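Only one structure is covered here, and it is reproduced in the block below.
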Amino acid sequence: MMKMQDSTAITIARAHINAWSHHDWEKTRELLAPNVHAVVTTTQPMKATAELTGIDAYMEPKIKAAQLIEAGSVHEISAIGDESNALILVTMRIGLDPGGTMVTLARAILYLLDENKKIKEERDEYFILSQ
Numbered sequence: 001m002m003k004m005q006d007s008t009a010i011t012i013a014r015a016h017i018n019a020w021s022h023h024d025w026e027k028t029r030e031l032l033a034p035n036v037h038a039v040v041t042t043t044q045p046m047k048a049t050a051e052l053t054g055i056d057a058y059m060e061p062k063i064k065a066a067q068l069i070e071a072g073s074v075h076e077i078s079a080i081g082d083e084s085n086a087l088i089l090v091t092m093r094i095g096l097d098p099g100g101t102m103v104t105l106a107r108a109i110l111y112l113l114d115e116n117k118k119i120k121e122e123r124d125e126y127f128i129l130s131q
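Structure below.
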């Protein structure tokens, strides 16, 4: 049976989202496994799917993207998980176009933890809700 709010994976996933959304890069890195693997996709006509392996490869685009997010705009919609898996749905305001126009973005982030309770896998699906 999945636990809705108090599982290990949900706690770590929330800490990770809080860290990068508040530009705490040290904490963001600390929560990642050395061989972290991430896939970022959307169904909208935007940048192609990104696939990253390793902390350094992961952190570079994470820092760039997080700096476009409006401070305090990340809101959790729902979370479900167990001791090693978590799925978190969030919305945020982010400046995506060259002019920095703020849009609302929805993201479903799926996490898998390793045996050391570090993020081993991340799947990030997103789409723009409004402009």
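Residue numbers (UniProt numbering): 1 to 131. Even for Gly, the Cβ is constructed at its ideal location relative to N, Cα and C. What you are looking at is a predicted structure, and each value in this text was computed from that prediction instead of being measured.
Which of the three DSSP states is assigned to residue i in this structure?
i: P34; result: strand
Can you list, in chain order, the residues of its chain whose CB lies under 8 Å from that of residue i, leaving out five sequence neighbours each side?
i: L31; result: I12, A15, H16, A19, K118 and I119
i: T28; result: H16, A19, W20, M59 and K62
i: N85; result: A9, L110, Y111, L112 and L113
i: R93; result: I69, E70, S73, M102, V103, T104 and L105
In chain order, what residues of the same chain have a beta carbon less than 7 Å from the beta carbon of residue i, not counting five sequence neighbours either side?
i: Y126; result: T42, L105, A106 and R107
i: I77; result: L89, V90 and T91
i: A66; result: W20, S21 and H23
Grab me the residues of residue i's own chain with a C-beta within less than 6 Å of its C-beta, minus the 5 sequence neighbours each way, in chain order.
i: A79; result: I10 and I88
i: H75; result: T91
i: G95; result: L68 and M102
i: T53; result: H37
What does the Cβ neighbour count give for residue i, buried or exposed, with the cut at 16 atoms within 10 Å?
i: E51; result: exposed
i: A71; result: exposed
i: E115; result: exposed
i: E122; result: buried
Does residue i come within less than 8 Å of chain D when only Cβ atoms are used?
i: D82; result: The displayed structure is made up of one protein chain only, and chain D is not part of it.
Ranges of the beta strand (DSSP E) found wholly within the UniProt domain "SnoaL-like" (13 to 121), counting only runs of at least 3: Secondary structure in the UniProt domain "SnoaL-like" (13 to 121): the beta strand (DSSP E) runs of 3 residues or longer, each lying completely within the stretch, are 32 to 42, 50 to 53, 75 to 81, 85 to 95 and 102 to 113 in chain order.
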